[in-house]
Amino acid sequence: DTKGMKIALSNNYAGNSWRQAMLKSWEKVTKKAVADGIVAQVDTFTTAKNDVTEQAAQIQNLILQGYNAIVINSASPDALNGAIKQACDAKIIVVSFDGIVKEPCAYRIAVNFKQMGADEVEYLAKAHPEGGNTLEIRGLAGVFVDDEISAGIHEAVAKYPQFKIVGSVHGNWAQEVAQKEVAGILPSLPADVKFVVTQGGDGYGAAQAFKAGNRPTPQIIMGNRQDELQWWKEQKDANKYETMSVSIAPGVSTLAFWVAQMILDGKKVPQDLTVPFLRIDQAGLEDSLKTTEKGGVANTEYTAEDAAKVAGGK
Amino acid sequence: MMPEQMIRWARWARSEPWIWSWLATLGVWLATIAFTQGRGSGEVLTAALVFATFTVIVGLGQMMVVTLGPGNVDLSIPGTIALAGCAAMKLTDSENPLLLVGILAALGIGVAVGMFNYGLIRLLRIPPIIATLSTSFIVQSAAIAYGRGIRIKPAPMLADFATARILGVPVLAMVVALGSIVIGIALARSRFGRSVLAIGQNMRAARLAGIAVDRTRFATYVLSAVLASICGVVLSGFSGGAALDMGDEYLLASIAVVVIGGTSVAGGKANVPGIWGAALFMYLLVTMLNTFGASPGIRLIMTGVIIIGVILVAGGEEQ
Amino acid sequence: MCLAAFPAISLTGATKSFGAVRALERVDLVVAPGECLGLVGHNGAGKSTLMHVLAGTLAADAGELRVGATLLGRGYSPAVAYRYGIRCVFQELSLCPNLSVAENTRIFHGALKGFGWKAKARALIGAKLDEIFPGHGIAPDDEVADLSIGKRQMAEIACAFTVTDTPLRLVILDEPTSSLDASTAQQLLTFLRTEVAKGTSAILISHLLKEILKTSDRIVVMKDGKAVDARPAAQFTRDTLVAAMGTVGEHGKAEAAPGAKRSALRASQPVVIRAKPHTGGGQELLVHRGEVVGLAGLAGHGQTRMLLQLFDGGRLADTTVSEPVAFIAGDRQTDGVFPLWSIARNISIGSFATLLSGGLLNIQKEDALAQSWRDKIGIRTPDIGNPILSLSGGNQQKALFARALASLARIVLMDDPMRGVDVGTKQEVYELIRAEAEAGRTFVWYTTELDELAYCDHTYVFRNGAIVAGLGQAEATEERVLASSFHEDSAA
Amino acid sequence: MIGLTAVSNPKLLRSILPALSLALVLGAIFIKLPTAMSYFGLNLLLQYAVPIALATVAQMFVITVNDLDLSMGAYVGLVACIGATLLHDNPPLGVLALAACLAAYAVMGAAVQLRGLPSIVLTLGMSFVWSGFAVLLLSTPGGHAPDWLHNLMALPVPVVPFPIVAAAVIACVVELGLMRSSFGVILRGAGGNSKAVARAGWSLLAAKVAMFTLAGVFGMLAGLSLLGLTGAGDAHIADRYTLYSIAGVILGGGEFVGGRVSPAGAVLGALTLALANSFLNFLHISPDWQIGAQGAILILVLALRALIGAMERRP
Ligand SMILES: Nc1ncnc2c1ncn2[C@@H]1O[C@H](COP(=O)(O)OP(=O)(O)OP(=O)(O)O)[C@@H](O)[C@H]1O
Ligand SMILES: Nc1ncnc2c1ncn2[C@@H]1O[C@H](COP(=O)(O)OP(=O)(O)OP(=O)(O)O)[C@@H](O)[C@H]1O
Ligand SMILES: [Mg+2]
Ligand SMILES: [Mg+2]
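Residue numbers (this note's numbering), protein chains in the order written: chain A, 48 to 361; chain B, 848 to 1166; chain C, 11 to 502; chain D, 135 to 449.
(1) Between L436 of chain D and A354 of chain A, what straight-line distance do the alpha-carbon atoms span, to the nearest angstrom?
(2) Opposite A479 of chain C in the DSSP bridges: which residues?
(3) Enumerate, from N- to C-terminal direction, the unbroken alpha helix (DSSP H) stretches of 4 or more residues contained entirely within the stretch 150 to 232 of chain A.
(4) Closer than 8 Å, CB to CB, is N346 of chain A near chain B or not?
(5) Grab me the residues of L320 of chain C's own chain with a C-beta within less than 7 Å of its C-beta, minus the 5 sequence neighbours each way, in chain order.
(6) Return the residues of the stretch 264 to 289 of chain A that lie within a Cβ-Cβ distance of less than 9 Å from chain B, sorted by chain order.
(7) Mind reading off the beta-carbon distance from V303 of chain C to H468 of chain C? Whole number of angstroms is fine, and I expect it under 8 Å.
(8) How is the beta strand (DSSP E) around M424 of chain C delimited, first residue to last?
(9) Since A372 of chain D meets chain A, which of its residues come closer than 7 Å, beta carbon to beta carbon?
(10) Which of the three DSSP states, helix, strand or coil, is assigned to L366 of chain C?
(11) Note down, in chain order, every chain B residue with its Cβ under 7 Å from the Cβ of A451 of chain D.
(12) Which of the residues in the stretch 1070 to 1094 of chain B, read from start to end, lie with their CB under 7 Å from any CB of chain A?
(13) For the stretch 878 to 895 of chain B and the stretch 233 to 245 of chain A, state whether three or more C-beta atom pairs, one from each stretch, are separated by less than 8 Å.
(14) Which stretch, first to last residue, makes up the beta strand (DSSP E) that contains Q181 of chain D?
(15) In the DSSP assignment, find the unbroken beta strand (DSSP E) run with M428 of chain C in it and report its ends.
(16) Since L296 of chain C is in the beta strand (DSSP E), which residue starts that stretch and which ends it?
(17) Using a cut-off of 7 Å between C-beta atoms, extract the partners of D90 of chain A located in chain D.
(18) Using a Cβ-Cβ cutoff of less than 8 Å, which residues in the same chain neighbour G262 of chain C once the five nearest sequence positions on both sides are dropped?
(19) Assign V281 of chain C to buried or exposed, taking buried as 16 or more other Cβ atoms, counted over all protein chains shown, within 10 Å of its Cβ.
(20) Pick out whichever of A:R272, A:Q162, A:K356 has its Cα sitting closest to the Cα of V316 of chain A.
(21) So, for T883 of chain B: in the same chain, excluding its five sequence neighbours on each side, which residues have a beta-carbon less than 8 Å away from its beta-carbon?
(22) Should N63 of chain A and A122 of chain A be called a contact, given that it needs their Cβ atoms to be closer than 8 Å?
(23) If you reduce the DSSP assignment to three classes, tell me which class K26 of chain C lands in.
(24) Could you name the residues of chain B that T344 of chain C contacts, counting a contact when the two beta carbons are closer than 9 Å?
(25) Taking only beta carbons into account, state which residues of the stretch 955 to 977 of chain B come closer than 9 Å to chain D, listed in chain order.
(26) Do you know offhand how far S352 of chain C's Cα is from D393 of chain C's?
(27) Output yes if chain B places a C-beta closer than 8 Å to the C-beta of F413 of chain D; else output no.
(28) Counting pairs of Cβ atoms below 8 Å between the stretch 270 to 283 of chain A and the stretch 985 to 1001 of chain B, do you hit three or more?
(29) Less than 8 Å between CB atoms is the rule here; does T301 of chain A satisfy it with respect to chain D?
(30) What first and last residue would you give for the beta strand (DSSP E) that runs through L183 of chain C?
(31) In chain order, what residues of the same chain lie with their CB nearer than 7 Å to the CB of L348 of chain D, ignoring the 5 residues before and after it?
(32) Have a look at W278 of chain A and L221 of chain D and give me their C-alpha separation to the nearest angstrom.
(33) So for H261 of chain C, helix, strand or coil by DSSP?
(34) When burial is assigned at 16 or more other CB atoms within 10 Å of the CB, is W865 of chain B buried or exposed?
(35) Could you tell me which chain C residues have their CB closer than 8 Å to the CB of N200 of chain D, listed as they occur along the chain?
(36) Strictly by DSSP, which residues pair up with F92 of chain A?
Below you can see the structure in the form of structure tokens.
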């Protein structure tokens, strides 16, 4: 029974649309859970600028405030270990998602980012067995998600050597930066760049850079942002453009919430859970576009039953 | 006579500090196209022109502030870019008729931020570095609370303007070049420009020469913030919407182009062509390192070493 | 007096130039052990520069320095000077304002270190202060920034006389009494005599001639970077000393003297300035249109502040300045020139309103204005586009004159503007001022050169921030002005 | 009574202002969250303030000689990365790398004094260099803190929580070294009136190099202590320390020019800043406005200083 319990969200960054969608989902689901009397109180905490020290101090503040569980999207997989351990020692359940933590006492709701990178290449290999020149847009240097996705892409490319990565830039998961970096490297690339593999939040920027550089539009893997899907739809209607879109659903925060609630309720949950990423294919484009908020991110929110399924599935 | 010519040239280069950033731009560009064996030599310049434009817009404002003399700097530029961009996109709501409202709101935000900055500096005597930083926190919060990270498409007119080209040359770059010329002329020939330069050289002497020191400093901080808000609007137009983090990279960039472009951190000496040279150089440097496939670590180290190298040259010159 | 074979210190042929300014020209100076040497001379005569050379803080361009029998060569520095027991109380404050008095003593003495240094420093400076200035009211732990200027001066003087590891040989006091009141100054001079009697040598610089005459054994007079006279103190009287110091302009005063027409200005022209010094009080400053009014008195007695008060006149309640003003700084480097700019720009900054066409400054007009003033005032440069710093100091000063005179200002405030200006140039400027005054411009002129008062229609003498005398053109003789300026003579 | 004398004596008021602000914030926290008033609570509240306090002291050394270090955060991050990699895997090499960092700081000081380089630009450039090396060492977060470091930071001190002991020790050591020792006087004097110090025969170059090197040492301690707390390194672990350290010095009663600083004040300022952040957490301010609230607090305290400064100037 978790009626009297308090859960906190410790979030390390709020400055992009994915995070804002994540916070919105969290707010919506947890408010309802409180109203339904499932838990007593849920609060949200966000640090200013993706700062490790600040988040560590924040976690300690949450320990002090007597939360029963902390759900965390972390600034660093390792550097918060000290604070997480203290939380566990204080008998607090810690559930991490998206930016997961490596501290063994915490629960992880992980997305197989490596798999995500590999899937992008698999999809391209299936659609275009002949392969071709590929541009890679990476995320923020020095962050492990970036490393994981990139590693997945490179492993898959090794399997399909007909795909050749001719350039690689860091787009910082931001449209403006991706656009700028792609525009810079594009002139030095061969004329026939056929594919762009991405990490999310950078597809639209890449498309614009190709357009500005008077290059034929390559097949760009999208990252579930509404503006990306919109662009894709326009291309599809105009010239049967085909691609796929893949990203982690912001609503995974709600899954983390339900998992935390289950654990508090005394259910047995494995320490490491995996959620599938949210993938949109050519066929599902229209439906996804319809359900995605203008300017937002394609999303799924989870229910307690979903959580039970994910936790029990393994 | 060869040596005589060289001496003349050297003297000229010394008196025109912008020459170094343009030479560096040339060097980096040559290195890049040498690596690609000439492929894309023209396009890379066009791309550089497009993206340097945004840095130039904020760089010009930062240049005016830095020219006011030691200690003057505007750290609130990123926050202002984000808030102005978000506000303009949200108010415009992708509708051409509302564009004017959005732009006016953005400009209003710029004016307000500038006034707030100078109020902290003058009335509360908070050092500019901390005053503008505190402002940037507040402005950033406002951007988050107001924008909520929703990416609204710019009005088509704005987007067209921001991405339009005439004979392959970006229209925006032409407009900003025009603006740079205006600022250059203002520096050389307007009361405001001369006042800024005089204050930066010697504030006491400026006061005794009858210059309205307070009014000029106030106007300069407002100008910087307004340019940042303009950057926020056109950047949103260019990249298909405003994002909360779109100003972040312009904090260091604005300061770096000012320093590399030959503007003196000791104040009193501004250089408009240098801002362009430095902005192009910074962009082409990243492009070069991307082309070479340099790792992020090497990239950072190179950037730092170059900034220090440039002030070593410039510092030696002043003694 | 001591009969040692060698002097305490001897300097021969000291020469020092700052750019075009010849601060010292082949000066010889000898101080015997146990001698108190008085050093006098007009402002800018080179006294302080000479002391800096002795203290090792400035390297002379030429000259030999001997301490006792030892010739000190190239490596002479403050640290070496300290080792030889040479101490200097500089004219401008040399204490760290962020430190306490005891801590400043520590800066002075490298030997004050290790455990308990602070107690030692406190005791040392406390005892010396008690010895020199009984009833001084300074605690060793007081932060210097919190002390009044007089107390800072006392602390610095006492510090110079403290002894740790090296005995005192020579103590240099550069205008030590300028910020002390009469009784404290007397305490210092009394102490100085007892210290000298113990065999320490001293050099005393002061503009208060009575002090010098009373305290020193021998007096050296400096003028324009040269030592022009040196005699035992007993052979000087106040008058002969003033005569030795005096710098009578080569062109004489006759041509400067205004006619009766000008002295009538006071009666005929309206008052354009009416102000009472914020700092002191005393008389009111009254200036009529077209007058040249002099501010006189010893340096640092509130004249500059008066000028600043007039400059801000419009914003101050108790100050009436009824016409637009311009300011000509004497301290060019900190108050005047814009070092990165050309001569033309330095001139035109004062005349913006007249040079605009279509909202922008007209460069042709700017150049024409600068050209015309170059010719009018004789700025010696081939090209007014040259940087201002390419000019000699006197010519830079002319550019500042041009800035003010070219402007629309009807009142010109001048803050001792002839510093570093050579004699010929001065004559040109005097004539220019006269001509402008005839044309109806008003001048308020702070000067440290008594001769220049001859060009003034009326003179106000400042002491301790107050106006203590207002003298008509005929009354402003050197004697009258000195008498009003010098504290000791004020009753006379 | 005491309040009255303090108000009538601005100088005293200013010197106790850092302690006053800290007491205020701490009091507010205790009211909001009484459980914080315990060994365990204080430990949690203040643990991460220790490295910030060290970085603030490092910044204070630089500010004492009228310079500013904009690379402090990046430097602390680099030290943490060195600690988590080289120092853990190959201690001699790690020590060598740390020594090289100190040497770089000494060279920075010499460059500022000899070439008259503006420290702001020099350290801005260095911040890129530090970050670059950190990313080269740890391209993705990880590594391990050496055990001794980890154990040191978790030192169970009886009665008084470790962070308070550590802060007190830091404040005392620096207070003794800079404010009480005979050489500290010279270093502060160099910031107050460098001409006077040179006239007394001291080398300004040595003073500048000493101060920058000290900044390097304390920045290093900040990086290592932070690593001891986190257990693993990350190139961006301390990016915000630059700002924290500058603000901490100013909050602690230091001034940008004039050599007027206070080590105890700087430590208190750092603690205040860290606690103010916690307090904002306890207030449950909307996450959107949490950064803005930080800016507002900064302005508030600095405005207080301006007010006291005006009171001091009036008499
Ligand atoms: N650092 C300097 N740079 C340039 N000129 C200098 C410098 N120091 C002194 N001078 C010039 O050298 C000359 C002698 O100055 P000095 O200070 O020795 O005069 P002084 O006799 O001490 O005058 P006072 O009685 O006003 O103190 C002056 O013309 C002064 O302007
Ligand atoms: N140009 C200026 N602008 C602002 N403040 C000034 C200026 N000149 C002087 N002051 C201030 O006015 C005060 C007095 O100046 P100063 O030391 O020159 O003494 P003074 O007694 O007015 O004049 P003088 O030494 O010329 O006889 C000082 O506090 C100084 O800082
Ligand atoms: Mg002198
Ligand atoms: Mg003066």
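We treat Cβ as the ideally placed atom computed from N, Cα and C, and that holds for glycine.
Based on what the coordinates show:
(1) 49 Å
(2) C:V471
(3) 160 to 174, 191 to 206, 222 to 232
(4) no
(5) I283, A285, T329, V331, V335, L423, V454
(6) R272, Q273, D274, Q277, W278
(7) 5 Å
(8) 421 to 425
(9) T100
(10) strand
(11) Absent from the model: residue 451 of chain D. The displayed extent of chain D is 135 to 449, so no value can be given.
(12) L1082, S1086, G1087, G1088, A1090, L1091, D1092, M1093
(13) yes
(14) Note, Q181 of chain D: premise wrong, no beta strand (DSSP E); not H, not E.
(15) Premise fails: M428 of chain C is in no beta strand (DSSP E) and is neither H nor E.
(16) 295 to 298
(17) H418
(18) Reliability fails at G262 of chain C, whose pLDDT of 41 lies under 50, so the model's placement of it is uncertain and the value that follows must be treated cautiously. Closer than 8 Å at the Cβ level, and outside the excluded window around G262 of chain C, lies no residue.
(19) exposed
(20) A:K356
(21) T1138
(22) no
(23) strand
(24) N1049, R1051, A1052
(25) L967, L970, L971, R972, I973, P974, I976, I977
(26) 9 Å
(27) no
(28) yes
(29) no
(30) 180 to 184
(31) F195
(32) 50 Å
(33) Per-residue confidence for H261 of chain C stands at a pLDDT of 40, beneath the threshold of 50, marking its modelled position as unreliable; the derived number appears in the next sentence. In this structure, H261 of chain C counts as coil in the three-state DSSP scheme.
(34) buried
(35) Correct list: empty, because the minimum Cβ distance to chain C is about 11 Å.
(36) A:S57
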